[in-house]
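2 protein chains.
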Amino acid sequence: MTFILGIDPGSRLTGYGIIRTDGRQHTYVASGCIKLTLTASMTERLQQIFMSLQEIVKTYSPHEAAIEQVFMHQNAGAALKLGQARGAAIVALADAAIPVAEYSARQVKQSVVGYGAAKKEQVQHMVRVLLNLSGVPQVDAADGLAIALCHANSRQNVGKITAQQLLVRGRFRRGRLR
Amino acid sequence: MTFILGIDPGSRLTGYGIIRTDGRQHTYVASGCIKLTLTASMTERLQQIFMSLQEIVKTYSPHEAAIEQVFMHQNAGAALKLGQARGAAIVALADAAIPVAEYSARQVKQSVVGYGAAKKEQVQHMVRVLLNLSGVPQVDAADGLAIALCHANSRQNVGKITAQQLLVRGRFRRGRLR
């Protein structure tokens, strides 16, 4: 059994989700959202992320972690703040010797919804269905769970190439199906 | 005696400087530059910043720390990377219960050179003069030392208002000197 922690860091809210997987079946363990005190200083807020994740790691002992990869951001000021939150989160995991994988938002949506441009609500819905939850999880928590699910699915594929991937590779290599 | 750690974080190099101050006189203790392994993953690099600063904190036991404040950045991608490095650095200090002050580049230059738009070389030169060093420190280390010096000078002013500040306040309050 492998425990996977998925994290969606932000400068105001950091969503997280923990799932358990045997390689085939994924089970819900926990999820939530670290709400940062907006009146607190930047340093205190980063410390809140760091300490909350340390607490989560202590409680659930995840074996692996996954975080959303960020490519571009319109606003440089927002990118700096998001970067600081990500840095604090990643360091909390690295300090506990937990390997951290990165996935783009597109990869997460593709893996969970089957469609890379899926909307937030679709992600929430599919997280509920895939983990057999009684209700729709809060949006940031759902993102954390979706990232964990994406990693669980990617781990399965490590070392094996699916028939579909072979087909696509063949297509692009030769210009026609082999 | 107060030990102050100044940090200039970056996604490739993180400069640092430690000075000792009795409130009036500032003495050089140490300085250097954390060079990140560029072939390492982003997670590993953030961990390098975090662990190196933990080591520095352990070695020199600084009472206070100061970091350069970043306002705007042209490139959002670069701002994200810089933010991650800052997040990792700040969390290393916060985790050791060291208060972190922030100063803009302008404030640092004003404090050390006496001119907010001073060039890198002028900062390096004044750091050498102020700390009575036998040679010019490496540019990132000089920035770390400059930030520490800026904090040392600002600490002195806490609670006391200089004659010049009073003058300026008077001017703005009444429209004429009192």
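The listed protein sequences derive, respectively, from chains A and B.
Numbering follows the working numbering, in which position 42 of the first sequence is assigned residue number 274; successive positions increment by one, without gaps.
Numbering follows the working numbering, in which position 98 of the second sequence is assigned residue number 330; successive positions increment by one, without gaps.
Where is the CB? At the ideal position from N, CA and C, for every residue including glycine.
Would you mind sorting residue i into buried or exposed? The rule is 16 or more other CB atoms within 10 Å of its CB.
i         : result
A/Ala-378 : buried
B/Thr-291 : exposed
B/Asp-375 : buried
A/Ser-243 : buried
B/Met-274 : buried
A/Val-340 : buried
A/Gly-348 : exposed
A/Pro-331 : exposed
B/Val-400 : Any reading at B/Val-400 needs caution, since the residue's pLDDT is 36, under 50, leaving its predicted position unreliable; the model's value is listed next. With fewer than 16 other Cβ atoms within 10 Å, it is exposed.
Find the residues of chain B that neighbour residue i, judging by a C-beta separation of less than 8 Å, and give them in chain order.
i         : result
A/Arg-318 : Leu-312, Gly-315, Gln-316 and Gly-319
A/Leu-270 : Chain B residues near A/Leu-270: none, gap ~17 Å exceeds 8 Å.
So, with DSSP's three-state summary, where would you put residue i?
i         : result
A/His-295 : coil
B/Gln-257 : coil
B/Val-361 : helix
A/Leu-270 : coil
A/Arg-401 : Only weak support is given to the placement of A/Arg-401: the predicted model assigns it a pLDDT of 36, under 50, and the question is left unresolved by the model.
B/Ser-336 : strand
B/Lys-313 : helix
A/Asn-385 : helix
A/Ile-288 : helix
Can you give me the C-alpha to C-alpha distance between residue i and residue j, rounded to a whole angstrom?
i         : j         : result
A/Ser-284 : A/His-258 : 24 Å
B/Ile-239 : A/Gly-346 : 45 Å
B/Ala-311 : A/Leu-312 : 5 Å
B/Ile-322 : A/Ala-384 : 31 Å
B/Ile-266 : B/Arg-360 : 20 Å
B/Asp-254 : B/Thr-234 : 6 Å
B/Ile-250 : B/Gln-370 : 14 Å
A/Cys-382 : A/Phe-282 : 23 Å
B/Ala-333 : A/Asp-327 : 24 Å
A/Thr-246 : A/Leu-314 : 10 Å
Just to make sure I have the definition right: I need the residues of chain A whose C-beta is within less than 7 Å of the C-beta of residue i. Which are they?
i         : result
B/Thr-275 : Ile-322, Ala-326 and Val-332
B/Leu-363 : Those within 7 Å of B/Leu-363 in chain A number zero; the least Cβ separation is about 26 Å.
What residues from chain B crowd round residue i, counting only those whose CB sits closer than 9 Å?
i         : result
A/Asn-307 : Ala-308 and Ala-311
A/Leu-278 : Arg-318, Gly-319, Ile-322, Val-323 and Ala-326
For residue i, decide whether its Cβ has a neighbour in chain C, counting only Cβ atoms nearer than 8 Å.
i         : result
A/Phe-282 : Annotation note: the requested chain C is absent from the structure, which comprises protein chains A and B.
Would you mind telling me which residues of chain A sit closer than 9 Å to residue i, beta carbon to beta carbon, in chain order?
i         : result
B/Leu-245 : Ordered by position in chain A, no residue passes the 9 Å Cβ test against B/Leu-245, which lies about 16 Å from the chain.
In the DSSP output, which residue or residues are listed as bridge partners for residue i?
i         : result
B/Leu-237 : B/Ile-250 and B/Ala-297
B/Leu-245 : B/Lys-267
B/Ala-262 : B/Ile-250
Name the chain B residues that come within less than 7 Å of residue i, Cβ to Cβ?
i         : result
A/Gln-302 : The sequence shown places Val at residue 302 of chain A, rather than the Gln named in the question. Simply Leu-312.
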